[in-house]
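A.B. asks: The structure under discussion is supplied below as structure tokens; questions concerning it will follow.
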Amino acid sequence: MARSASVKDVAAHAGVSLGTVSNVLNRPDRVSPDTRERVQRAMAELGFVRNESARQLRAGTSRTLAYVMLDASNPFFTDVAAGIDVAAEAADLSLMLFNSRNSSDREHSHLALLEQQRVQGVLVTPVDPDSPALDELAQRGTPVVIVDRTRSDQSFCSVAVDDVLGGRLAIEHLIDRGHERVAFVGGPATLGQVRDRRQGARAAWKAAGLPREDLVEISTTALDVAQGREAGQRLAGMAAQRRPTAAFCANDLVALGLLQQAIGAGQQVPADLAIVGYDDIEFAAAAAVPLTSVRQPRQELGRTAAELVLDEAANPAHGHRQVLFTPELVARASTLG
Numbered sequence: 028m029a030r031s032a033s034v035k036d037v038a039a040h041a042g043v044s045l046g047t048v049s050n051v052l053n054r055p056d057r058v059s060p061d062t063r064e065r066v067q068r069a070m071a072e073l074g075f076v077r078n079e080s081a082r083q084l085r086a087g088t089s090r091t092l093a094y095v096m097l098d099a100s101n102p103f104f105t106d107v108a109a110g111i112d113v114a115a116e117a118a119d120l121s122l123m124l125f126n127s128r129n130s131s132d133r134e135h136s137h138l139a140l141l142e143q144q145r146v147q148g149v150l151v152t153p154v155d156p157d158s159p160a161l162d163e164l165a166q167r168g169t170p171v172v173i174v175d176r177t178r179s180d181q182s183f184c185s186v187a188v189d190d191v192l193g194g195r196l197a198i199e200h201l202i203d204r205g206h207e208r209v210a211f212v213g214g215p216a217t218l219g220q221v222r223d224r225r226q227g228a229r230a231a232w233k234a235a236g237l238p239r240e241d242l243v244e245i246s247t248t249a250l251d252v253a254q255g256r257e258a259g260q261r262l263a264g265m266a267a268q269r270r271p272t273a274a275f276c277a278n279d280l281v282a283l284g285l286l287q288q289a290i291g292a293g294q295q296v297p298a299d300l301a302i303v304g305y306d307d308i309e310f311a312a313a314a315a316v317p318l319t320s321v322r323q324p325r326q327e328l329g330r331t332a333a334e335l336v337l338d339e340a341a342n343p344a345h346g347h348r349q350v351l352f353t354p355e356l357v358a359r360a361s362t363l364g
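Numbering of the sequence shown is given in my numbering, commencing with residue 28 and proceeding in unit increments.
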């Protein structure tokens, strides 16, 4: 088997010292343009490939950020990852993506692996933002930023959207459209995002002076299209006089499933059922009936989170910040009629 070219081979081929090759790899500004070009040409001719593992071992860290997302099947999180990737590329870093699938065990396993890899920082949308595993990781020296959630204390940087306000915006919009019996569709309640959006919905309903029982809560076991369709079947099975005329779904995937079920059952949206989603993913505007949704600045969330973790990794004077973005309701045909 052919031996890979080494730094020593490159130095001999280019007629320079080992230190010069090292500078070309790590501190190119210290090498004259002519010498740098000669070394780079030698690398190309020899097929030299840098041993990144060895470099990381010497440096004690990698040129990598990592994002542990809650659910890779949800476009919201891949949009957040795109924002992280923009900031990572600007810092000449790579980005690794991991999917916890809403499992604490998978999340902890990913965090342990990333610590072993000596990544420069970890961004995580956690199953539980108060998990001791996050504290332990940070205490051992890995910068951590919480994404799309907040913590009960200020021991970490975090970026999130005001989901309580987002829930209020959705319900206020439906009330303004004349709806007096509305369903809140989402779950499980163990997800902080669901709890906050439901809290905002309840607050808006109460402020409007409407009967508590007319805000009908339909719980789902996940925030996906299949659960939205199943919720639609449950809504259709209610007595006509008690059936909600509108639904606020805890995310767009649930809302799209509900929309599919309603159209498939011959209902008119929004004449028979108005629908509001949450996140404003790309598919929301492209649906058969364009979906009204509460917009989150997804890529900005990711970019801001990456900038915070990079500052924590490099700045000894870093102070933890909690950034809370304001959501925006985008009204489309699923409620406007």
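Even for Gly, the Cβ is constructed at its ideal location relative to N, Cα and C.
For the beta strand (DSSP E) containing S246, name the first residue and the last one.
C.D. replies: Residues 242–246.
A.B. asks: With Q349 as the anchor, note down where its alpha helix (DSSP H) starts and where it stops.
C.D. replies: Taken as a continuous stretch (DSSP letters only), Q349 belongs to no alpha helix (DSSP H), being part of the beta strand (DSSP E) at 349–352.
A.B. asks: So A340 and G148 are in contact, right, with Cβ under 8 Å, and what is the actual spacing, rounded?
C.D. replies: Indeed they touch by this definition, with Cβ atoms about 5 Å apart.
A.B. asks: Exposed or buried, R269, counting other C-beta atoms within 10 Å across all chains shown (16 or more means buried)?
C.D. replies: Counting Cβ neighbours within 10 Å, R269 comes out exposed, since fewer than 16 surround it.
A.B. asks: Could you check what DSSP says for N50 in three-state terms: helix, strand or coil?
C.D. replies: Correct three-state label for N50: helix.
A.B. asks: Suppose contacts are defined by Cβ-Cβ distances below 8 Å. Is G293 in contact with R256 by that definition?
C.D. replies: The answer is no: Cβ separation not under 8 Å.
A.B. asks: What is the rounded straight-line gap between the Cα of P354 and the Cα of G264?
C.D. replies: About 33 Å.
A.B. asks: Using DSSP with H/G/I as helix, E/B as strand and the rest coil, what is A235?
C.D. replies: Looking at A235 - three-state DSSP - the assignment turns out to be coil, as it is neither helix nor strand.
A.B. asks: What do you get for E134, buried or exposed, if any count of 16 or more other CB atoms within 10 angstroms of its CB means buried?
C.D. replies: When all chains shown are included, E134 counts as buried.
A.B. asks: Under 7 Å: does the beta carbon of Y305 sit that close to some heavy atom of the ligand NAP?
C.D. replies: What this structure holds is no ligand at all, so the ligand NAP is not there to describe.
A.B. asks: Could you spell out where the beta strand (DSSP E) holding A394 opens and where it closes?
C.D. replies: Shown here, the chain extends from 28 to 364; a query on residue 394 therefore has no answer.
A.B. asks: Pull up the CB-CB distance for T248 and P215, whole angstroms please, since I reckon it's below 8 Å.
C.D. replies: With a Cβ gap of about 6 Å, T248 and P215 count as contacting.
A.B. asks: On a CA-only basis, which of K233, V316, V188 is nearest R373? Give me that one, please.
C.D. replies: Limits of the chain in this structure are 28 at one end and 364 at the other, which puts residue 373 out of reach.
A.B. asks: Let's see if you can read the secondary structure: which residues bound the beta strand (DSSP E) around F275?
C.D. replies: Per DSSP, F275 belongs to the beta strand (DSSP E) from 273–276.
A.B. asks: Note the first and the last residue of the continuous alpha helix (DSSP H) segment covering G255.
C.D. replies: Segment 252–263, the alpha helix (DSSP H) holding G255.
A.B. asks: From which residue to which residue does the alpha helix (DSSP H) around E207 run?
C.D. replies: Element bounds for E207: n/a, residue is neither H nor E.
A.B. asks: Please name the residue or residues paired with L124 in a DSSP beta bridge.
C.D. replies: Answer is Y94.
A.B. asks: Is it the case that the Cβ atoms of L150 and V188 are separated by a distance below 8 Å?
C.D. replies: No.
A.B. asks: May I ask you to list the residues that DSSP assigns as paired with S320?
C.D. replies: Bridge partners of S320: G304, V357.
A.B. asks: Counting along the chain, where does the beta strand (DSSP E) carrying G148 start and finish?
C.D. replies: G148 -> beta strand (DSSP E) spans 148–151.
A.B. asks: By alpha-carbon positions, which one of L120, D98, D112 ends up nearest to R128?
C.D. replies: R128 has its Cα closest to that of D98, out of L120, D98, D112.
A.B. asks: Rounded to whole angstroms, what is the Cα-Cα separation between S89 and D162?
C.D. replies: S89 and D162: Cα-Cα distance of roughly 21 Å.
A.B. asks: Between the C-alpha atoms of N126 and V296, what's the straight-line distance to the nearest angstrom?
C.D. replies: Approximately 34 Å, taken between the alpha carbons.
A.B. asks: Using 8 Å as the threshold, is the C-beta distance between Q326 and D36 below it?
C.D. replies: No, these two residues do not count as a Cβ contact at 8 Å.
A.B. asks: Is the CB-CB distance between A314 and L337 below 8 Å?
C.D. replies: Their beta carbons are not under 8 Å apart, which means A314 does not touch L337 by this criterion.
A.B. asks: Measure the alpha-carbon distance for I302 versus D241 and round it to whole angstroms.
C.D. replies: About 16 Å.
A.B. asks: Out of D299, L196, R239, which one is the CA nearest neighbour of D223?
C.D. replies: Taking only the C-alpha atoms, the option nearest D223 is L196.
A.B. asks: Spatial neighbours of V221 within its chain, please: C-beta separation below 8 Å, excluding the five flanking residues on both sides.
C.D. replies: Around V221: G213, G214, P215, L250, A277.
A.B. asks: Using 10 angstroms around the beta-carbon of R359, count the other beta-carbons present and answer buried if the total reaches 16, otherwise exposed.
C.D. replies: Buried, since its Cβ has 16 or more Cβ neighbours within 10 Å.
A.B. asks: Quick one: what does DSSP say V296 is sitting in, helix, strand or coil?
C.D. replies: Coil, per DSSP.
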